[in-house]
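Going by our numbering, the sequence shown opens with residue 14, and the numbers climb by one from there. All C-beta atoms, glycine included, are put in the ideal place defined by N, C-alpha and C. The model shown is predicted, which means the values in this text are computed figures rather than measured ones. What follows is a short report on a single structure.
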Amino acid sequence: MDRRSVLAATATLLAGCGQLPSTDTSTPTSEPGTATQSSSPTETETPTEAATEAETPTETATETETPTETATETETPELSEREERAAQELGRAVTELSQTVATYTGDADDSLVTVSAASRGFSRTAVLAELSDVDDHIEDARGLVSERQRPRLDAVETARRFLGLSTDTQPRLIAAFAAVGRARDAVADQRESDLETATQDVREEREDAERPFGRIESETDAARVAVVPEIPESEYEAKVAQFGAEVDGFGTLADFLDRFLTAVDDLNDAERFDDGGRERRAREEGQAAADEFDALSSELQTFADGLSEAGASLEEPATDLADLAAEKAADAREIVEDNS
14 MDRRSVLAAT
24 ATLLAGCGQL
34 PSTDTSTPTS
44 EPGTATQSSS
54 PTETETPTEA
64 ATEAETPTET
74 ATETETPTET
84 ATETETPELS
94 EREERAAQEL
104 GRAVTELSQT
114 VATYTGDADD
124 SLVTVSAASR
134 GFSRTAVLAE
144 LSDVDDHIED
154 ARGLVSERQR
164 PRLDAVETAR
174 RFLGLSTDTQ
184 PRLIAAFAAV
194 GRARDAVADQ
204 RESDLETATQ
214 DVREEREDAE
224 RPFGRIESET
234 DAARVAVVPE
244 IPESEYEAKV
254 AQFGAEVDGF
264 GTLADFLDRF
274 LTAVDDLNDA
284 ERFDDGGRER
294 RAREEGQAAA
304 DEFDALSSEL
314 QTFADGLSEA
324 GASLEEPATD
334 LADLAAEKAA
344 DAREIVEDNS
C-alpha cells in the first residue's frame, strides 16, 4: 500500500511541472505582438485621412462649374424645326439683299457711294426685280419666326426698306443732275424758255428725291441695315450723307438757275437794244447782266469749293456754271463798252 501511494504522488507532481512553462511563455509573447499591431496602423492612417480632407476643396471647385454650364445651355437653346425654317428664309433674304447691292452698284466689289447723282446706267428696274425676291423670303419668314427671332427679322426688313427707298431716291437725283446740264446748255444758248423749264425740272426731281430720303432718315438706321455684310454702318452713313448733300445741293443750284434766268433775260435785252441802236438801254441792260453774271460766277465757285466729299458729284456742274457765268459777264460788258 505504501509503495503504490508513493508512485501516484510522484506522477501527479511531474504532470504539474510540465504545464507551467507552457503558460508563462504564451502570455509575454502574445502581449508584445498585440501592442505592435495596434499602434502601427493608427500612425499610418492619419496622413491618408488628412490628404483626403485636403482634396475636398478641389472637388467643391469642380462642382461650382456646373451652374455656368447650365446657364450657357439656357442662353442658346436649340432651334425648333419651325425656327430653323425661319432662319433659313432670313438667311436667303440676306443673300438676296447682298445681290441687290451688287445690282445697285453694277459691281459686287463697288460701294453704294460709287453711285452718285452724276452716275449713268443706274437701273431702278433691275434693283426692284432683286428686291422682289427678297420680299418673298421675308414674307415666308414672317409666318415662321419666333419671338426671339423677331430682332433679326426687323433688321432684314429695315435693310430691305433702306435699299428700296434708296432705289427711289437715286434715279431722281440723277435726273436732277441731267436737268442741271440742260439748264447749263440753255444758259449757253441764252434760251430763256428752256432754262426756265430745266430749272423747274431740277426743283421737281429734287423734291421727289427728298421724300424717300426723308423716310430713309426716319425709318432706317445703320445698326440694323448692317445685317447685310455689304452695308456696314460706315457704308450706310456715307450713303445717307451723300444723299443729303445732293438733295441740299440741288436746291442751291436751282436758286442759282433762277438768277441765271434773270441775267440771261437782261443780256438778251441788251443785245436787242444794241442791234436796234438804242445805246442807253443797251448799256443799262448790259450792265445789269454783267453785274449778275459776275456775282453768279463768284458765288458758284465758292459753292463748288465748299462742297464736302459727300457732295462731290455737284462740283463739276457748279464749276461749269461758274465758268459760263464769267463768259456771259464778259459778253455783257462788251455791249456796255460798244454803247458808251
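Among Arg293, Leu309, Ala283 and Glu91, nearest to alanine 345 - alpha-carbon criterion: Ala283
Glutamate 218 classed as buried or exposed, judged by whether at least 16 other C-beta atoms fall within 10 angstroms: buried
Beta-carbon proximity of phenylalanine 273 to leucine 309, cut-off 8 Å: yes
With 16 other Cβ atoms within 10 Å as the buried cut-off, status of serine 179: buried
Where the alpha helix (DSSP H) through glycine 227 begins and ends: 205-232
Reference glutamate 205, options Gly177, Ala303, Asp279 and Gly290, closest by Cα: Asp279
Cβ distance (whole Å) where leucine 176 is taken to contact threonine 113 below 8 Å: 5 Å
Cβ contact check for the region 286-294 and the region 242-259: 3 or more pairs under 8 Å: no
Span separating the alpha-carbon of leucine 125 from that of phenylalanine 269: 29 Å
Leucine 334 (DSSP reduced to helix, strand or coil): helix
Residue from Phe135, Ala276 and Thr212 whose Cα sits closest to the Cα of glycine 119: Phe135
Cβ-Cβ separation, leucine 92 to alanine 100 (assumed contact under 8 Å), whole Å: 6 Å
Secondary structure of asparagine 352, DSSP reduced to three states: coil
Buried/exposed call for proline 242, threshold 16 Cβ in 10 Å: exposed
Three-state secondary structure assigned by DSSP to glutamate 311: Note that residue 311 corresponds to serine in the displayed sequence, not to glutamate. Serine 311 falls in the helix class under three-state DSSP.
Rounded separation between aspartate 149 and arginine 185 - CA only: 27 Å
Beta carbon of isoleucine 229 nearer than 8 Å to that of glycine 299: no
Residue environment, proline 330, which counts as buried when at least 16 other CB atoms sit within 10 Å: buried
Alanine 154 beta carbon near the ligand MG (any heavy atom closer than 7 Å): The ligand MG is not part of this structure, which contains no ligands at all.
Helix, strand or coil at proline 242 [DSSP, three-state]: coil
Alpha-carbon spacing of arginine 161 relative to phenylalanine 316, whole angstroms: 50 Å
For valine 126, three-class secondary structure by DSSP: helix
Identity of the residue in Val200, Asp333 and Asp214 nearest glycine 264 by Cα: Asp214
Beta-carbon proximity of glutamate 259 to alanine 130, cut-off 8 Å: yes
Backbone CA spacing between alanine 199 and threonine 212 [nearest angstrom]: 10 Å
Same chain, Cβ closer than 6 Å to glycine 262, neighbours up to 5 away in sequence not counted: Gly324 and Leu327
Backbone secondary structure at aspartate 279 - three-state DSSP: helix
Alpha helix (DSSP H) segments (min. 4 residues) lying fully within the region 131-181: 137-155
Residue of Asp234, Asp122, Glu209 and Pro90 minimising C-alpha distance to alanine 276: Glu209
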